[in-house]
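A quick write-up on the structure given underneath.
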Amino acid sequence: MLTLVQSVATALLASLAAQDLRDRRLSNRGVLAFAALYFVAAALARDGFAPLAGHVATGAAMLLLFGGMRHAGWIGGGDVKLAAAVFLWAGPTLAFPVLTGVGAGGVLCGVTLLALRPRRAAPVRAVATRGVPYGVALALGGTLAVWASFPHTVSLT
Numbered sequence: 017m018l019t020l021v022q023s024v025a026t027a028l029l030a031s032l033a034a035q036d037l038r039d040r041r042l043s044n045r046g047v048l049a050f051a052a053l054y055f056v057a058a059a060l061a062r063d064g065f066a067p068l069a070g071h072v073a074t075g076a077a078m079l080l081l082f083g084g085m086r087h088a089g090w091i092g093g094g095d096v097k098l099a100a101a102v103f104l105w106a107g108p109t110l111a112f113p114v115l116t117g118v119g120a121g122g123v124l125c126g127v128t129l130l131a132l133r134p135r136r137a138a139p140v141r142a143v144a145t146r147g148v149p150y151g152v153a154l155a156l157g158g159t160l161a162v163w164a165s166f167p168h169t170v171s172l173t
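For the sequence shown, the numbering used here gives the first residue as 17, with consecutive numbering after it.
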């Protein structure tokens, strides 16, 4: 059953990444559903209150960190909410590996967008779809968090 919850969470992350690529927006309902699935997974894993508190504290800390980035104008509000949900799944143990994966994914998205950008001699007018769709990088890091948070559900035999 836990594997089913993880699979649904992964599919939801893929949907959010596609939405961010297409619209440069992240659905509040999608992000909330992804966060809520962590609590379902935690209940199914029966890990206890202490690990749950650590995961909630990590998500709250990342909400503050990414909120500061939003305040500086570096990322959007949807990215802040998705980051908090991703790090809720990651918890304190996986926070740095997931943060590293998210950072690397963000660099990869940015470089890809620069490479695909058409070169124009004339000035480009402002468009709604600008910036890096950081939800894609967060979704990649989130996938790591979803599957590594409950390693006993993944069996290679």
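All C-beta atoms, glycine included, are put in the ideal place defined by N, C-alpha and C.
Just so it is clear, the structure is predicted and the values come from calculations on it, not from any experiment.
For this session: Could you give the DSSP three-state label for residue 36: helix, strand or coil?
Result: Locating residue 36 in the sequence shown gives position 20, counting from the first residue. Residue 36: helix per DSSP, three-state reduction.
For this session: Grab me the residues of residue 22's own chain with a C-beta within less than 8 Å of its C-beta, minus the 5 sequence neighbours each way, in chain order.
Result: In the sequence shown, residue 22 corresponds to position 6, counting from 1. Excluding residues within five positions, the ones whose Cβ falls inside 8 Å are 57, 162, 163, 166 and 169.
Exercise. Using DSSP with H/G/I as helix, E/B as strand and the rest coil, what is residue 42?
Worked result: In the sequence shown, counting from the first residue as 1, residue 42 sits at position 26. Note: residue 42 maps to coil in three-state DSSP.
Problem set entry | Counted within 10 angstroms of its Cβ, other Cβ atoms place residue 112 as buried (16 or more) or exposed | Along the sequence shown, read from residue 1 onward, the residue named residue 112 stands at position 96. Its Cβ having fewer than 16 others within 10 Å, residue 112 is exposed.
Exercise. In whole angstroms, what separates the C-alpha of residue 108 from that of residue 134?
Worked result: As a working note, residue 108 is residue 92 in the sequence shown. As a working note, residue 134 is residue 118 in the sequence shown. So the alpha carbons of these two residues sit roughly 41 Å apart.
For this session: Answer yes or no: does any C-beta atom of chain B fall closer than 8 Å to that of residue 84?
Result: Although the question refers to chain B, the structure presented lacks it and comprises just one protein chain.
Problem set entry | Boundaries (first-last residue) of the alpha helix (DSSP H) holding residue 162 | Sequence index remark: in the sequence shown, residue 162 carries index 146 (1-based). Residues 150-164.
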